[in-house]
Each structure stands twice: as C-alpha cells, then as structure tokens.
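Visitor:
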Amino acid sequence: MALRAASRRGRWLVRELTAPLAPGPPRAPQPLPPAGLRLLPPAVRFASSEGHGPGADGPQRKVVVVRITSPVMWLRTRFYYLLIRLYFDPDFSIEEFTRGAKQAFSLVSKLLSQSKLDLLEELVSEETLKILKEKISLLPDNHRDALAADIDAIMYTTEGDVRIYYDDDGRKFVSILMRFWYLNGANLPDEVPGEAKVFQIMFGDESMKEKKHLLTANYEFQREFTEGAKPDWTITRIEHPRLLE
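Under the numbering used here, the letters of the sequence shown match residues 130 to 374, in that order.
#1: Taking 8 angstroms as the limit between beta carbons, can you name the residues of its chain near Asn271, skipping five residues before and five after?
#2: From Leu161 to Pro360, what does the alpha carbon distance come to, in whole angstroms?
#3: With DSSP as the reference, label Gln232 as helix, strand or coil.
#4: With three or more beta-carbon pairs closer than 8 angstroms as the criterion, would you say the stretch 342-358 touches the stretch 301-312?
#5: Going by C-alpha distance, which of Thr287, Lys340, Val237, Ser254 is nearest Arg352?
#6: Just how far apart, CA to CA, sit Leu211 and Lys341?
#7: Counting C-beta neighbours from all protein chains within 10 Å, is the total for Ile280 16 or more, i.e. buried, or is it exposed?
#8: With three or more C-beta pairs closer than 8 angstroms as the rule, is the stretch 202-217 touching the stretch 286-295?
#9: If you follow the alpha helix (DSSP H) that Lys262 is in, where does it begin and where does it stop?
#10: Report buried or exposed for Ala358, applying the criterion of at least 16 other Cβ atoms within 10 angstroms of its Cβ.
#11: According to DSSP, is Phe175 part of a helix, a strand, or is it coil?
#12: Please tell me whether Ile367 and Leu252 are closer than 8 angstroms, where the distance is taken between their beta carbons.
#13: What are the start and end residues of the alpha helix (DSSP H) that includes Thr213?
#14: Please name the residue, chosen from Pro269, Arg228, Leu261, Asp274, that lies closest to Tyr285 on a Cα-to-Cα basis.
#15: Could you please give the first and the last residue of the uninterrupted alpha helix (DSSP H) stretch that includes Asp270?
#16: Mind reading off the beta-carbon distance from Leu242 to Ala277? Whole number of angstroms is fine, and I expect it under 8 angstroms.
#17: Please name the residue, chosen from Ala230, Lys262, Gln232, Phe234, that lies closest to Lys245 on a Cα-to-Cα basis.
#18: Quick one: what does DSSP say Phe350 is sitting in, helix, strand or coil?
#19: Taking just the CA atoms, how far does Glu339 sit from Ala151?
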C-alpha cells in the first residue's frame, strides 16, 4: 500500500513538473542537468531574503532541485538502516547522520580547497588522505576553489550505497555513501564536459549577475562497530567529478 501511494505521489510530481508554462517568447534550448536531477524552469527564483541592496523589493530567485528516487533503492536503504538499528546501534537515525555528514562534507571540502590536508587526519582515512595529497598538489587554482562547499550552498543531499560487512579478522563495519549537490562560484569554464548544469543567478535587477556552478561530490563514511572500537565515522572515499580526478 505504501509503495502504491509513493508511486501515485511520484506520478503527480512528474505531472506538476512537466505541466506547460504560460505562453511567452521563444527560449533558447537549455543544457540538460545530470541524470537523476531536474532543475525547474528559470521562472523559479533563487532563495534569498534580500533583493539588490538592503530593503530592496526586487525579484528573488531560487533553485529547486528535484530527484525522484527509485522505490527499490529506497526500500533497500531503509532495510539496511533497520539492520543497523537492530544489530549495531539502536539509536541510529539517518536524519541525524545526514546532518552530521553535511557538516563534515562542508568542513572537509573547505580544508581541501585550502590545501590544509594535515587537519584532515582525524576525519579522513590514511589511505584516502594519501591519495588526496597527490591529487591536490596537481590541481589548478580554479578547480581547487571549486571544491569548497558552504553549508548553506548545499542544494541537495541523498544517501547512495549502504554496506554492512565483516573483514577477515571478524571486525564489523558499516559504510554509507552520501551524494551532495552544491553551488560554487569558482571561475570554471561555462562548458565542462560531463559537468552539472552551469547557470546564472541574478539578484535585484538584470544588470547584477552572479554566476554559480551546480557541482556534485560523493563522500563515503565508514564506522567500525566491533566491540571496543571508537564510535567515530571516518571518510574513506572522496570524489569531486571533473574536479578531483
């Protein structure tokens, strides 16, 4: 019953998103966003409590990112969360974990952007940190700037793959892959092969333009649940597609 209800809500959302807009002047074709994402038409405005200058009454704009999750994937991840609560941590909450993951992502991405990798030793696994040191040293300045994600610039967060496994010594682990979509104003080319949609956000009148890139990042968090292990999540994989390769 819940699955059928979710399906009906999904169909309703698709109809709402694909409903024709009011007639207007012809528009140039827009580049497509990455798979699984949909950006609402430019008539939707960027979220801001201000116009152009203090107390301005000009138009406000916001970006709405909508992602329709596969019902199979949704059920699979919820099943794993149930197993985590039953066998590893009865207080586990994906909502609380997501809030912590967003904060960790924002902090780590900023330290990467500033090349302060020594400050990541308590947050990132030793193997991952070694790989990052090699990659960061080769990045151009604009790519390094694009790694940073302010917490308020994170547009969308979702969990990806969830794994529960044991190693050869019988230690128990849980890993959760988190995916982030965030806005960044780094000076990147307008067209980046394979990159997410690049668009302009305008505050106040049309003469004031601020260009933003909608970028993606994948961070994998791992925790050992063996008796006596530290109750800490460690980042074991960091991916910023087309920026950190």
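All C-beta atoms, glycine included, are put in the ideal place defined by N, C-alpha and C. If you're wondering where the values come from, they're calculated on a predicted model, not measured in any experiment.
Guide: Concretely, from the data shown:
#1: Taking the first residue of the sequence shown as 1, we reach residue 271 at position 142. Apart from sequence neighbours up to five positions away, the residues of its chain that approach Asn271 with a beta-carbon distance below 8 angstroms are Ala315, Asn316, Leu317, ordered along the chain.
#2: Taking the first residue of the sequence shown as position 1, residue 161 is located at position 32. Taking the first residue of the sequence shown as position 1, residue 360 is located at position 231. Confidence at Leu161 is low in this model, with a pLDDT of 36, below 50, so its placement is unreliable and the value that follows should be read with caution. Between Leu161 and Pro360, the C-alpha separation is close to 42 angstroms.
#3: Translated into the one-based positions of the sequence shown, residue 232 becomes position 103. DSSP places Gln232 in helix when its eight states are reduced to three.
#4: Inter-segment contact for the stretch 342-358 and the stretch 301-312 is present: three or more beta-carbon pairs are separated by less than 8 angstroms.
#5: Start at 1 with the first residue of the sequence shown, and residue 352 comes out as number 223. Of Thr287, Lys340, Val237, Ser254, the residue nearest in Cα terms is Ser254.
#6: Within the sequence shown, the letter at position 82 stands for residue 211. Within the sequence shown, the letter at position 212 stands for residue 341. Computed Cα separation, rounded: 38 angstroms.
#7: Taking the sequence shown and counting its residues from 1, one reaches residue 280 at position 151. Flag for Ile280 reads exposed.
#8: Proximity of the stretch 286-295 to the stretch 202-217 meets the contact definition, three or more beta-carbon pairs being nearer than 8 angstroms.
#9: Within the sequence shown, residue 262 is the residue found at index 133, counting from 1. Element bounds for Lys262: 255-265.
#10: One-based indexing of the sequence shown puts residue 358 at position 229. Ala358 comes out exposed.
#11: Numbered from its first residue, the sequence shown carries residue 175 at position 46. Confidence at Phe175 is low in this model, with a pLDDT of 31, below 50, so its placement is unreliable and the value that follows should be read with caution. In this structure, Phe175 counts as strand in the three-state DSSP scheme.
#12: Numbered from its first residue, the sequence shown carries residue 367 at position 238. Numbered from its first residue, the sequence shown carries residue 252 at position 123. Remark: C-beta atoms of Ile367 and Leu252 do not approach each other more closely than 8 angstroms.
#13: Within the sequence shown, numbered from 1, the residue matching residue 213 stands at position 84. This sequence places Ile at residue 213; Thr is not what is there. 200-216 is the span of the alpha helix (DSSP H), which, as asked, contains Ile213.
#14: Along the sequence shown, read from residue 1 onward, the residue named residue 285 stands at position 156. If we check each option's Cα against that of Tyr285, Arg228 comes out closest.
#15: Numbered from its first residue, the sequence shown carries residue 270 at position 141. Looking at the DSSP string, the run of the alpha helix (DSSP H) that includes Asp270 is 270-274.
#16: Residue 242 sits at position 113 when you count from the first residue of the sequence shown. Residue 277 sits at position 148 when you count from the first residue of the sequence shown. Rather than Leu, the amino acid found at residue 242 in this sequence is Ser. Going by Cβ atoms, the distance from Ser242 to Ala277 rounds to 4 angstroms, so yes, they are a contact pair.
#17: Position 116 of the sequence shown, counted from the first residue, corresponds to residue 245. The option with the nearest alpha carbon to Lys245 is Lys262.
#18: Position 221 of the sequence shown, counting from 1, holds the residue named residue 350. Under the three-state reduction of DSSP, Phe350 is assigned to strand.
#19: Along the sequence shown, one-based indexing puts residue 151 at 22. Along the sequence shown, one-based indexing puts residue 339 at 210. In this prediction, Ala151 has a pLDDT of 43, which is less than 50 and means its spatial position is unreliable; nothing more can be read from the coordinates.
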